[in-house]
Amino acid sequence: MMDFQSRLWFTYRKDLARIEPSFYTCDSGWGCMMRTGQSLLAQAFVQVLMGREWRVHHHDQPQPTQRRQGRRYKEIVSWFVDEADRPYSIHRIAKQGLALDKRIGEWFGPSTVAHALKRLTKSHYDCPLKVIVPMDGTVRVSAVLRAASSHHTSHLSTTAASSTSPSPSPDPILRPTPTPLQTQAWRPVLLLIPNRYGLDKVTGKYIANLKQLFRMPQFLGIAGGRPNRSLYFVASQGDELFYYDPHFVKQRVTPEELGSCPMPSFHCPVVRTMHISELDPSMLIGFLIQSRDELDDLRVRLDRDMVEPSYPLLTFVDDSENSANSAL
Numbered sequence: 001m002m003d004f005q006s007r008l009w010f011t012y013r014k015d016l017a018r019i020e021p022s023f024y025t026c027d028s029g030w031g032c033m034m035r036t037g038q039s040l041l042a043q044a045f046v047q048v049l050m051g052r053e054w055r056v057h058h059h060d061q062p063q064p065t066q067r068r069q070g071r072r073y074k075e076i077v078s079w080f081v082d083e084a085d086r087p088y089s090i091h092r093i094a095k096q097g098l099a100l101d102k103r104i105g106e107w108f109g110p111s112t113v114a115h116a117l118k119r120l121t122k123s124h125y126d127c128p129l130k131v132i133v134p135m136d137g138t139v140r141v142s143a144v145l146r147a148a149s150s151h152h153t154s155h156l157s158t159t160a161a162s163s164t165s166p167s168p169s170p171d172p173i174l175r176p177t178p179t180p181l182q183t184q185a186w187r188p189v190l191l192l193i194p195n196r197y198g199l200d201k202v203t204g205k206y207i208a209n210l211k212q213l214f215r216m217p218q219f220l221g222i223a224g225g226r227p228n229r230s231l232y233f234v235a236s237q238g239d240e241l242f243y244y245d246p247h248f249v250k251q252r253v254t255p256e257e258l259g260s261c262p263m264p265s266f267h268c269p270v271v272r273t274m275h276i277s278e279l280d281p282s283m284l285i286g287f288l289i290q291s292r293d294e295l296d297d298l299r300v301r302l303d304r305d306m307v308e309p310s311y312p313l314l315t316f317v318d319d320s321e322n323s324a325n326s327a328l
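Going by full-length UniProt numbering, the sequence shown opens with residue 1, and the numbers climb by one from there.
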């Protein structure tokens with residue numbers, strides 16, 4: 001329960017500054033896939049910068065650790081505030097859609113959101129990870145290794161969230177000692193897999209494999225749900241999936257209104273469930289790979305744990321050996 005309530009939850013917002021060049025000031029009715037995409041990306045940031053075990057209430061931690069984690073939490077949230085200059089605001093995502101043949105106010109599908117987020121991470125100086133959006137669910141191992149070894153000089157703990165403010169803070173308190181993860185040569189890689197696994201509904205044999213995803217430590221969740229109604233699925237129990245619902249219209253939050261951790265407006269107090277058979281076949285699946293060992297482990301799991309290996313959700317192709325080594 002604490003894990004569920006600790007994840008960042010993004011919903012519709014009203015009374016926004018105009019989402020230019022349109023006149024929209026609210027994304028209700030068309031922004032749900034963008035909001036679930038935000039939630040998935042935010043979870044990746046939290047795991048990279050704060051660790052998978054981070055929770056909103058960790059009173060047993062030393063005070064310096066709580067303060068440092070609180071600063072990082074606020075920084076991550078600030079990246080998603082709905083202002084035109086924030087890296088992952090609804091304004092930025094919607095505007096990226098224009099280059100992907102989507103009008104502002106038009107519902108985005110999983111593929112559009114994946115590519116929009118990838119574009120935005122490229123322009124965000126402090127982005128702590130690389131995004132890969134493979135074609136047709138086929139991931140080249142060489143692409144992952146290349147992304148993981150890409151040069152990265154961002155200052156992950158700066159308080160400035162805008163990609164237009166690259167300079168690190170001169171205050172050492174705001175630049176805490178990097179974690180071991182940040183000092184490793186491996187740059188975290190986020191795999192965003194947009195795909196369709198059936199026509200009107202998910203093909204039955206895919207369902208067994210989808211359930212296995214929730215057991216994998218690299219798995220971040222599924223953004224999708226029902227036709228034109230995206231939800232963010234993060235856990236399962238039997239055939240029931242636990243999800244965040246973005247279809248609530250909340251008041252705009254400005255950067256000046258961001259408070260201390262936790263910020264109730266960005267956390268869901270209610271656990272909702274849906275039977276896996278109700279999933280729409282078009283979805284966006286996320287995996288976070290933070291080391292070579294995690295990449296190798298994921299590939300092993302994709303080979304070993306699949307109930308229906310003839311119905312892969314994701315395929316790794318090892319270009320160096322010119323062979324397909326694992327499938328999900």
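Just so it is clear, CB atoms sit at the ideal spot from N, CA and C, and this is done for glycine as well.
Strand pairing of residue i, partner residues [DSSP]
| i | result |
| --- | --- |
| Ala223 | Tyr232 and Leu284 |
| Val202 | Gly198 |
| Gln237 | Glu240 |
| Gln251 | Lys14 |
| Thr25 | Answer is none; Thr25 lacks a bridge partner. |
| Lys130 | Val189 |
| Ile289 | Val189 |
For residue i, the first and last residue of its enclosing beta strand (DSSP E)
| i | result |
| --- | --- |
| Met306 | Note, Met306: premise wrong, no beta strand (DSSP E); not H, not E. |
| Arg92 | From DSSP, Arg92 is part of no beta strand (DSSP E) but of the alpha helix (DSSP H) over Ile90 to Ala99. |
| Asp318 | Thr315 to Asp318 |
For residue j and residue i, believed in contact at Cβ under 8 angstroms, the rounded distance
| i | j | result |
| --- | --- | --- |
| Ser6 | Arg72 | The pair is not a contact, with the Cβ atoms about 13 angstroms apart (cut-off 8 angstroms). |
| Asn209 | Tyr311 | 6 angstroms |
| Val317 | Gln212 | Wrong, their Cβ atoms sit about 20 angstroms apart, outside the cutoff. |
| residue 335 | Lys250 | Residue 335 lies beyond the residue range present for the chain, which begins at 1 and ends at 328; the question has no answer from this structure. |
| Leu258 | Lys74 | 6 angstroms |
Sequence-distant residues of the same chain with beta carbon closer than 7 angstroms to residue i, five excluded per side
| i | result |
| --- | --- |
| Thr112 | Gly97, Leu100 and Lys102 |
| Arg292 | Trp186 |
| Ser150 | Lys130 and Arg187 |
| Met263 | Val77 |
| Asp319 | Arg140, Val141 and Ser142 |
| Gly109 | Met33 and Ser282 |
| Gln38 | Phe10, Phe80 and Tyr88 |
| Val189 | Leu129, Lys130, Ile132, Val144, Ala147, Ala148 and Ile289 |
| Gln47 | Leu288 |
| Ser165 | Caution is warranted here: a pLDDT of 31 is assigned to Ser165, below 50, making its placement in the model unreliable, and the coordinate value is therefore given only provisionally. Hits under 7 angstroms: none found. |
| Asp82 | Arg13, Leu16, Ser89, Ile90, His91 and Arg252 |
| His115 | Leu100 and Val133 |
| Lys205 | Glu308 and Tyr311 |
| Met135 | none |
Own chain partners of residue i with C-beta closer than 6 angstroms, once the 5 adjacent residues on each side are dropped
| i | result |
| --- | --- |
| Glu20 | none |
| Phe45 | Ile76 |
| Phe4 | Val271 |
| Cys268 | Trp9 and Tyr244 |
| residue 339 | Since the first and last residues shown for the chain are 1 and 328, residue 339 lies out of range. |
| Val202 | Leu279 and Pro281 |
| Leu191 | Ile132 and Phe287 |
| Leu231 | Gly225, Tyr243 and Asp245 |
| Gln43 | Arg7 and Leu220 |
| Thr273 | Glu240 and Phe242 |
| Lys118 | Val131 and Val133 |
| Arg229 | none |
| Met50 | Gln69 and Arg72 |
| Leu40 | Leu220, Gly221, Ala223 and Gly286 |
| Gln248 | The sequence given here has Phe at residue 248, not Gln. Counting only Cβ-Cβ distances below 6 angstroms, and skipping sequence neighbours, we find Thr11. |
| Phe233 | Gly221, Ile222, Leu241 and Tyr243 |
| Asp305 | Gln212 |
Host alpha helix (DSSP H) of residue i (start-end)
| i | result |
| --- | --- |
| His115 | Pro110 to Ser123 |
| Arg146 | Val141 to Ala148 |
| Met274 | Counting along the chain, Met274 falls outside any alpha helix (DSSP H), though it belongs to the beta strand (DSSP E) covering Arg272 to His275. |
| Phe45 | Cys32 to Met50 |
Proximal residues to residue i (C-beta, below 8 angstroms), its chain only, five neighbours per side dropped
| i | result |
| --- | --- |
| His275 | Asp239, Glu240 and Leu241 |
| Ile104 | Ile19, Pro21, Ser22, Tyr24, Ala94, Lys95, Gly97 and Leu98 |
| Ser277 | Lys201, Val202, Ile207 and Asp239 |
| Ser162 | Unreliable positioning characterises Ser162 in this predicted model, as indicated by a pLDDT of 33, which lies under 50. The coordinate reading is nonetheless provided below. Result list for Ser162: Asp85, Arg86 and Pro87, in chain order. |
| Glu106 | Trp30 and Gly97 |
| Thr254 | Val81 and Glu83 |
- Item | Segment contact, 8 angstroms Cβ cut-off, at least three pairs: the segment 222 to 232 with the segment 269 to 287 | Note that the segment 222 to 232 touches the segment 269 to 287; at least 3 beta-carbon pairs, one per stretch, sit closer than 8 angstroms.
- On the three-pair Cβ rule with 8 angstroms, is the segment 211 to 218 touching the segment 14 to 30? Result no; under three Cβ-Cβ pairs closer than 8 angstroms.
- Assess, as a yes-or-no matter, whether the segment 122 to 129 is touched by the segment 299 to 306 under the definition of 3 or more beta carbon pairs within less than 8 angstroms. Touching, no.
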